[in-house]
Every structure is written in C-alpha cells, then in structure tokens.
Amino acid sequence: MSGGLPKDWEKTTQKYINELQANPAKIATRKASQNTLNAYGPMLPELLGGSADLAPSNLTIWKGSVSLKEDPAGNYIHYGVREFGMTAIANGIAHHGGFVPYTATFLM
1 MSGGLPKDWE KTTQKYINEL QANPAKIATR KASQNTLNAY GPMLPELLGG SADLAPSNLT
61 IWKGSVSLKE DPAGNYIHYG VREFGMTAIA NGIAHHGGFV PYTATFLM
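Okay, here's the thing in structure tokens:
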C-alpha cells in the first residue's frame with residue numbers, strides 16, 4: 001500500500017518477459033493478459049481487479065482472485081452489466097491510491 005514495487009520486481013518481471021520471448025505462443029490477447037496476471041499477481045497484493053459481467057470471456061480472473069462477494073477482503077469485483085460504473089470506480093480507486101486497479105470489457 002506504500003505505492004512501491006517489490007524489491008525483486010525488476011528481476012522477476014524481466015525473467016518472465018525473457019521466458020515469453022524465448023517461447024512465443026499464438027494466444028488471444030485476453031489469455032496473455034490472464035497469464036501475466038497469474039505471473040505478477042502474487043507479487044502485488046494491492047492488485048484489485050474486476051469485470052463487467054464478462055469475466056469468463058475476458059479472462060480477468062487469475063489464480064489468486066478472491067471475489068468480494070465471497071470475502072470482503074477479496075481482490076476481485078463483479079461489477080455486473082455496468083461498464084460505465086466499473087470504469088468510474090476503477091479510476092476512483094487509482095486516484096485514491098493504495099490499490100492498483102485493472103478492469104476489462106469488450107468494446108465496439
């Protein structure tokens with residue numbers, strides 16, 4: 001919550017990037033995003049995610065996700081069909097500080 005990154009952040013993230021570059025995969029962007037959440041999420045307890053009723057499709061739930069519906073100390077918000085509200089809330093969380101929000105939806 002201090003706003004800093006873990007002390008081994010640069011080394012760990014570079015290792016992950018090097019592995020990806022050494023073993024390129026043809027996967028959807030949303031799957032690549034989920035893979036990255038799975039890689040970085042355990043290092044970032046301040047990560048707070050969510051989706052507007054599309055989590056199974058846009059793959060915003062990662063292995064460490066805990067729904068706020070199930071646990072008030074969780075790290076994943078199910079916004080329902082509320083894209084505008086979702087983005088407003090995520091911006092408010094980012095502005096307040098302490099958490100690093102991420103959200104996803106499909107746009108036309």
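full-length UniProt numbering applies: residue 1 is where the sequence shown begins, and numbers increase by one.
All residues carry an ideal CB built from backbone N, CA and C; glycine is no exception.
All values reported here derive from a predicted model rather than from experimental measurement.
Got a sec? Which residues, its chain only, sit under 6 Å from residue i by beta carbon, not counting five neighbours each side?
{"i": "residue 68", "result": "74, 77"}
{"i": "residue 60", "result": "49, 51, 104"}
Please classify residue i as buried or exposed, where buried requires at least 16 neighbouring CB atoms within 10 angstroms.
{"i": "residue 107", "result": "exposed"}
{"i": "residue 79", "result": "buried"}
{"i": "residue 32", "result": "exposed"}
{"i": "residue 25", "result": "exposed"}
Just confirm the distance between the C-beta atoms of residue i and residue j, as a whole number of angstroms; I'd bet it's less than 8 Å.
{"i": "residue 84", "j": "residue 46", "result": "That pair is no contact at about 24 Å."}
{"i": "residue 86", "j": "residue 55", "result": "Between residue 55 and residue 86 the Cβ distance is about 11 Å, and since that is not below 8 Å, they are no contact."}
{"i": "residue 103", "j": "residue 64", "result": "Not quite, the Cβ-Cβ distance comes to about 17 Å (not below 8 Å), so this is no contact."}
{"i": "residue 105", "j": "residue 58", "result": "7 Å"}
{"i": "residue 101", "j": "residue 48", "result": "5 Å"}
What span of residues does the beta strand (DSSP E) with residue i cover, start to end?
{"i": "residue 20", "result": "First-last for residue 20: 9-22, but that is the alpha helix (DSSP H), not the beta strand (DSSP E)."}
{"i": "residue 67", "result": "Here residue 67 belongs to no beta strand (DSSP E), and DSSP marks it neither H nor E."}
Taking only the alpha-carbon atoms, compute the straight-line gap between residue i and residue j and give it to the nearest angstrom.
{"i": "residue 62", "j": "residue 96", "result": "24 Å"}
{"i": "residue 9", "j": "residue 82", "result": "33 Å"}
{"i": "residue 23", "j": "residue 43", "result": "23 Å"}
{"i": "residue 182", "j": "residue 71", "result": "There is no way to answer for residue 182, as the model of the chain reaches only from 1 to 108."}
Quick check on the DSSP output: the alpha helix (DSSP H) that includes residue i runs from which residue to which?
{"i": "residue 36", "result": "29-40"}
{"i": "residue 104", "result": "Where residue 104 is concerned, there is no enclosing alpha helix (DSSP H), although the beta strand (DSSP E) it sits in stretches over 100-104."}
{"i": "residue 77", "result": "Taken as a continuous stretch (DSSP letters only), residue 77 belongs to no alpha helix (DSSP H), being part of the beta strand (DSSP E) at 76-78."}
Among the residues of its own chain, which have a CB less than 8 Å from the CB of residue i, if the five just before and after it don't count?
{"i": "residue 6", "result": "12, 43, 44"}
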